[in-house]
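Following: one structure in structure tokens, then a few remarks.
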Amino acid sequence: MRGYGPVYYVVEAYHGLRSNSLVNLLAIGTISMAMLIVGFFLVVFLNLQAAVGAMGERLEVSVFLKGGLTPQEQDYLLTRLKAEPGVKKAVFLSKEGALALLKKELKGQEALMEGLGENPLPDSYEITVDAKYAEAAKMETLTKKIGKLYGVEDVSYGRQGVEVLDRLLKLVTYGGITLAVLLGVTVVFIISNSVRLALYSRGQEIELMQWIGATRWFIMGPFLVEGMLVAVLGTSLAVGILAGLFHALPREIVLFLSGPGGLDFLPTPVIAYMIGGGGALGFAGGIVSVNKFLE
Amino acid sequence: MIHLYRVSKYYEGIPALREITVSVDKGEFVFITGPSGAGKTTLLKILFCAEHADEGQIIIQGMNTFRLSTSSIPYLRRNMGFVFQDYKLLPHKTVFQNIALALKVIGTPYGDIERRALLSLKKVGMDKKDHLTPLKLSGGEQQRVAIARALVNEPQILLADEPTGNLDPQAGQEVFRLFKDINMKGTTVLVATHDWETVQKMQRRIVAMERGKIVSDTKDPVLSPTAPKQEPSTR
Chain H
70 MRGYGPVYYV VEAYHGLRSN SLVNLLAIGT ISMAMLIVGF FLVVFLNLQA AVGAMGERLE
130 VSVFLKGGLT PQEQDYLLTR LKAEPGVKKA VFLSKEGALA LLKKELKGQE ALMEGLGENP
190 LPDSYEITVD AKYAEAAKME TLTKKIGKLY GVEDVSYGRQ GVEVLDRLLK LVTYGGITLA
250 VLLGVTVVFI ISNSVRLALY SRGQEIELMQ WIGATRWFIM GPFLVEGMLV AVLGTSLAVG
310 ILAGLFHALP REIVLFLSGP GGLDFLPTPV IAYMIGGGGA LGFAGGIVSV NKFLE
Chain P
43 MIHLYRVSKY YEGIPALREI TVSVDKGEFV FITGPSGAGK TTLLKILFCA EHADEGQIII
103 QGMNTFRLST SSIPYLRRNM GFVFQDYKLL PHKTVFQNIA LALKVIGTPY GDIERRALLS
163 LKKVGMDKKD HLTPLKLSGG EQQRVAIARA LVNEPQILLA DEPTGNLDPQ AGQEVFRLFK
223 DINMKGTTVL VATHDWETVQ KMQRRIVAME RGKIVSDTKD PVLSPTAPKQ EPSTR
């Protein structure tokens, strides 16, 4: 096939796009709407993931020590804690230090501290957990393990907060995946229909090409490229609209939605994956139609 | 060049071809005649791999078409030209573009397309009308363009199915004259027709069919000029 490679397919696909411009414009518009929803979910997901990551960075576990541990026993426990996967940092907090901290936090409500008598707070190790462990199941395992170590009285962490974040992230992830699959199927369906219309409008030509010795790929190539181009244009339009909407958001809304790291738009690699994925869906839609037609 | 051995074809159990055995040598000119429903078109379609035979063996240019994969069929077709009764020209393309398509399909380098397309059109006397669309041509002219398209890739075999069916007698004669010239240059020609008058005039081999069977195979028609029963044919 000298001289009839990708360039030929692209030129023919361009002619195909022009000759069925209305159908293709409608397909591009519909795909852009579908991809806009995918893009919106990606923005939400990535920002939520960043927020969870940032909260994980700040997640602390308090390991309360039994009374009467010798300094050697405390050091041994510290070594064991630091050796645990998931423990990023462990700092000793004496019972006096803990009381001072409590007093500082209860400033203005000192009445609550009256009648305490002896300091009831135990010595503790304050552990900073690796962000990767900021999941309910992992935290549960880690704290149980720490709780069994010699000299540990009790372990405490913001369990509820971790569980809520965990559930929220799972909801967005699974919801997003389900929606992406559904919308992906929709894109394949839209493309296969627009390519089918193009095929029917050129049915006579295709039949003739088969009669005069055209290979399957020679016939399929331009239609597959056409499907890919429609999907890539639709996805690019969706990214453009999404970027426009994102930057047009009022500052108050941005601040309200912002996590600790601020509200970010889709990073360039994600945009590239999205457009590439759109192209792949377009290719799949083209394959579905052309195969059915040529059968 | 072409060998068929006990070839049968059925459509929903009804036989269209029954145990056809025939051989065509390189450079031969063969008329396939017979009434409507005799199986002429089915026979040509099987040779062109547009239909699959249900029984028998078919060898074309040394290739057994039963063993041919679907992806190999286009390459077999490139060695054959096919001329249709309804010309099958693309109405929105010019005469030149119609011929160029046949060249593109087989991967002819862009630089050679114009020269070869015009040369082929010149052979059928249509090079001056290369810029026109088929709808601006007469039936005879359209069929000449279709012949130019069939010949542009220099096939070794030319198949024609009722090529003069839509033409007036004069245009029909012109088409047969072209076939004769093509055959003289070494191309094997098989023509399915019910134009008995022309068949007789041409004095070439005649394979007569009836109800899916070959009823006579006359290699020297001068010696046996009996006309088989004829009717307008569509299949």
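Protein chains in written order, with the working numbering: chain H, 70 to 364; chain P, 43 to 277.
By construction, the Cβ of each residue, glycine as well, lies at the ideal position given by its N, Cα and C atoms.
Mark residue i as exposed unless 16 or more other C-beta atoms lie within 10 angstroms of its C-beta, in which case mark it buried.
i, result
"H/Lys361", "exposed"
"H/Pro291", "buried"
"H/Gln229", "exposed"
"P/Asp154", "exposed"
"H/Gln279", "buried"
"P/Phe138", "buried"
"P/Gln127", "buried"
"P/Lys146", "buried"
"H/Pro75", "exposed"
"P/Asp203", "buried"
"H/His316", "exposed"
"P/His173", "exposed"
"P/Lys82", "buried"
"P/Leu177", "exposed"
"P/Pro197", "buried"
"H/His84", "exposed"
"H/Ala152", "exposed"
"P/Ser162", "buried"
"H/Met297", "buried"
"H/Thr337", "exposed"
Does the beta carbon of residue i come closer than 8 Å to any beta carbon on chain H?
i, result
"P/Ala95", "no"
"P/Gly181", "no"
"P/Ala144", "yes"
"P/Val249", "no"
"P/Ile100", "no"
"P/Ile148", "yes"
Could you check whether the Cβ of residue i sits closer than 8 Å to any Cβ belonging to chain P?
i, result
"H/Phe114", "no"
"H/Arg87", "no"
"H/Tyr73", "yes"
"H/Val76", "no"
"H/Phe287", "yes"
If you run the structure through DSSP and keep just helix, strand and coil, what is residue i?
i, result
"P/Pro57", "strand"
"H/Tyr342", "helix"
"P/Val72", "strand"
"H/Lys135", "coil"
"P/Ile148", "coil"
"H/Asn258", "Note that residue 258 of chain H is Phe in the sequence shown here, rather than Asn. DSSP places H/Phe258 in helix when its eight states are reduced to three."
"P/Ile283", "Chain P is shown from 43 up to 277; residue 283 of chain P falls before or after that span and cannot be answered."
"H/Phe352", "helix"
"P/Leu89", "helix"
"H/Glu364", "coil"
"H/Met289", "helix"
"P/Arg120", "coil"
"P/Asp259", "strand"
In terms of alpha-carbon separation, which member of the options lies closest to residue i?
i, options, result
"P/Met168", "P/Ser78, P/Arg157, P/Gln184, P/Leu177", "P/Gln184"
"H/Ala353", "H/Phe334, H/Ser261, H/Val76", "H/Ser261"
"P/Lys164", "P/Gly181, P/Leu177, P/Leu193", "P/Leu193"
"P/Val241", "P/Val217, P/Ile256, P/Phe90", "P/Val217"
"P/Pro133", "P/Ser180, P/Gly214, P/Glu252", "P/Ser180"
"P/Thr230", "P/Ser65, P/Pro57, P/Glu61", "P/Ser65"
"H/Gly309", "H/Phe334, H/Leu350, H/Pro154", "H/Phe334"
"P/Lys87", "P/Glu70, P/Val49, P/Gly104, P/Lys68", "P/Val49"
"H/Val107", "H/Leu266, H/Arg265, H/Gly85, H/Ile340", "H/Ile340"
"H/Ala307", "H/Phe133, H/Leu190, H/Leu86, H/Val112", "H/Val112"
"H/Val233", "H/Leu105, H/Val121, H/Gly98", "H/Val121"
"H/Leu252", "H/Leu117, H/Gln143, H/Gly346, H/Val92", "H/Gly346"
"H/Leu95", "H/Val299, H/Val357, H/Thr337", "H/Val299"
Q) Using a beta-carbon distance cut-off of less than 7 Å, what residues from the region 121-140 of chain P approach chain H? A) Shown in chain order are the members of the region 121-140 of chain P whose Cβ falls below 7 Å from a Cβ of chain H: Phe124, Lys130, Leu132.
Q. Looking at chain P, which residues of the region 269-283 of chain H have a Cβ within less than 7 Å of any of its Cβ atoms?
A. Under the 7 Å Cβ criterion, the region 269-283 of chain H contributes Gln273, Glu274, Leu277, Met278, Trp280, Ile281, Gly282, Ala283.
Q: With 9 Å as the C-beta to C-beta threshold (strictly closer), list the residues of the region 102-122 of chain P near chain H in chain order.
A: Within the region 102-122 of chain P, the qualifying residues are Thr112, Ser113, Ile115, Pro116, Tyr117, Leu118, Arg119, Arg120, Asn121, Met122.
Q) When Cβ atoms are compared, which residues of the region 177-204 of chain P fall closer than 7 Å to chain H? A) So nothing in the stretch comes that close.
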